Structure formats: C-alpha cells, structure tokens
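A.B. asks: Here this note's numbering is used: position 37 in the sequence shown is 896, and no number is missing along the way.
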Amino acid sequence: MDAQRPSGAVRIASGKVHVEGILAWPDEPHGLVVFAHGSGSGRLSPRNNYVADVLRRAGFATLLMDLLTPAEDSDYARRFDIDLLVERLVDALRFLDGDAATAALPIGAFGASTGVAAALRLAAAEPTRVQAVVSRGGRPDLAGVEALAAVRAPTLLIVGGLDFDVIRLNQAALREIDAVKELTIVPGATHLFEESGTLERVAALAADWFRRYLGGATADDGSSSIRSAP
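1. Please say whether Val878 and Asp925 have beta carbons closer to each other than 8 Å?
2. Between which two residues does the alpha helix (DSSP H) harbouring Ala1062 extend?
3. One question on the structure: do Leu979 and Pro999 come within less than 8 Å of each other, judged by their Cβ atoms?
4. Leaving aside the five residues before and after Gln840 along the sequence, list all residues of the same chain whose C-beta is less than 7 Å from its C-beta, in chain order.
5. Tell me whether His894 sits in a helix, a strand or coil according to DSSP, three-state version.
6. Are there 16 or more other CB atoms within 10 angstroms of the CB of Pro888, so buried, or fewer, so exposed?
7. Note down the Cα distance separating Arg1027 from Leu1016, rounded to an integer number of angstroms.
8. Is Leu964 helix, strand or coil by DSSP?
9. Cβ of Ile1044 versus every heavy atom of the ligand FAD: is any distance shorter than 7 Å?
10. According to DSSP, is Val1039 part of a helix, a strand, or is it coil?
11. Based on DSSP bridge pairs, tell me the residues matched to Glu879.
12. Ignore the nearest five residues each way along the sequence and tell me which others in Ile1036's own chain have a CB closer than 7 Å to its CB.
13. Tell me which same chain residues have a C-beta within less than 6 Å of the C-beta of Leu955, skipping the five on either side of it?
14. With distances taken between CB atoms, is the gap from Leu922 to Ala963 smaller than 8 Å?
15. By the three-class DSSP mapping on this structure, what secondary structure does Phe969 have?
16. Out of Gly901, Val993, Arg1034, Ala1066, which one is the CA nearest neighbour of Glu808?
17. On a Cα-Cα basis, can you pick out the residue from Val992, Gly1047, Val1025, Thr1057 that is closest to Ala1038?
18. By DSSP, does Val1010 sit in helix, in strand, or in coil?
19. Could you compute how far the alpha carbon of Arg870 sits from the alpha carbon of Gly918?
20. Classify Ala991 as helix, strand or coil using the three-state DSSP reduction.
21. When we look at the beta-carbon of Gly1056 and count the other beta-carbons within 10 Å, is it buried (16 or more) or exposed?
22. Measuring CA to CA, which of Pro929, Ala895, Asn907, Val893 is closest to Val876?
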C-alpha cells in the first residue's frame, strides 16, 4: 500500500464536531465509494462492511463513516435529518479533496435506508464529483422531488422483492431521476437483505454498477429500467 495514502481510522471535521470513519484501499483503486449509512447505523455496520469488502476486491477504495456523533444518534429524530446527513457527506468530500491521493479519484456513493436520500442529494449538489450512486433498500423519496430531478449520476436502486412498500417508493423516485437509472428487485429479500445469498447479490450488483460508471461512461440519456436480479 502506498504510504502516502490516508488510510485506516480517520476523523472528519464537520462544523463543531468530528465524526469517525474508516478509509481503506485496494492496491490500484479505480475510484472511491463513500457509504451513507441508514437510520441507527454507522461505520461498523456489518452489512455495509461486507459490501465495502466486495467493492475493494473489485478495485475501489471505500470510506465508511458515522454520519452522526453518538450524542446526535441518541436523538431518534436526528436520524431522519436529511439536511444534516448531507452536510456530513459534503464535509467528507472536502476531507477527501484535501489529500492528493483521494482528490484524484472519482467518487461514488453507496446509500442504505435513509442514507440513500442523503447520497442522492449529495449527487445533485456535486454533479461533477459524484459520478455514480447505488442504493440498498433505500428511501430515495426522502431526498425530495427537486433533488431527485437534479441527479445526473447513473443511479442503481436495489430493493428486496418482499419489501413491498419500499418497492413502490423506489418506483416513484425512479420516475423523478433524469439520468441513467435502474431499479433492480432481488427476489425473496426483505428490507435488510438477511436472507441467504441476498446481500451477496447486492454487493455483486453494486460492484458491477461502479465498474460501469465510476470513472467510466456517464452518459446522461435518462434511460431507465426495472428488472429482477437473477
């Protein structure tokens, strides 16, 4: 590993606080994926760490970070404060842009649950920096119609086939995104993708999406599709 690369545990300044993160690298990264965790989750999320490991093996650096401090997370309403979550992600981008090793990499965002809304708002606000977005069991509707319409990054929404309400919310959000976009439904999966093989499918889909679009083709043709994952 290049000794010049920031790696391991990192602290990211955000206003008057710092949030904790974990930055990890493959040997020759093609890009860097920032994780936006869902309600009540953080950098130690076993599901997101599993996905991050798969992405690193696919050639992407990863940043897993707490979007809230422990004190903030104790206030349940804060978990749904999308504006605050976006601020933390923007500060994470500033942190990454402050080092030559990370500033040179194209950025992708992987969101889960409420973190998806923050990731999509980040993509809308930073269209030249965030080049691809993947959602796992997310609530993209919480980003708001205006932000969804401003997203230009190719966006993959992955939803469990048994997560019926969230499927409907993702279908509605997909219609608002004016970019390359896809809704993939994983058969037999519930909201947390706890069923055998379903999280592995999510990770494989995410890796494929980032290979296709992170640092590669980002044609903004508004193409859309809905499919079931094999």
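Even glycine gets a Cβ: it sits at the ideal position worked out from N, Cα and C. Computed from a predicted structure; not experimentally measured.
C.D. replies: Considering the structure as presented:
1. Cβ distance < 8 Å, so Asp925 and Val878 count as in contact.
2. Per DSSP, Ala1062 belongs to the alpha helix (DSSP H) from 1057-1072.
3. Cβ atoms of Leu979 and Pro999: closer than 8 Å.
4. This structure does not reach residue 840, given that the chain is present from 860 up to 1089, and the question cannot be answered.
5. It should be noted that the sequence gives Phe, not His, for residue 894. Phe894: strand per DSSP, three-state reduction.
6. Its Cβ being crowded by 16 or more others within 10 Å, Pro888 is buried.
7. Looking at the two C-alpha atoms, the distance is approximately 12 Å.
8. Leu964 falls in the coil class under three-state DSSP.
9. Here there are no bound small molecules, and the ligand FAD is not part of this structure.
10. Val1039 falls in the coil class under three-state DSSP.
11. Arg870, per the DSSP bridge assignment.
12. Contacts found: Leu1007, Val1010, Thr1014.
13. Cβ neighbours of Leu955 within its own chain (closer than 6 Å, five residues either side excluded): Thr961.
14. Contact check for Leu922 against Ala963 fails: the beta carbons are separated by 8 Å or more.
15. Strand at Phe969.
16. Nothing can be reported for residue 808, as the shown portion of the chain is limited to 860 through 1089.
17. Between Ala1038 and the set Val992, Gly1047, Val1025, Thr1057, the nearest pair of CA atoms involves Val992.
18. Three-state DSSP puts Val1010 in coil, outside helix and strand.
19. Distance between the alpha carbons of Arg870 and Gly918 is about 24 Å.
20. It is a strand residue.
21. Burial call: exposed.
22. For the set Pro929, Ala895, Asn907, Val893, the Cα lying nearest the Cα of Val876 is the one of Pro929.
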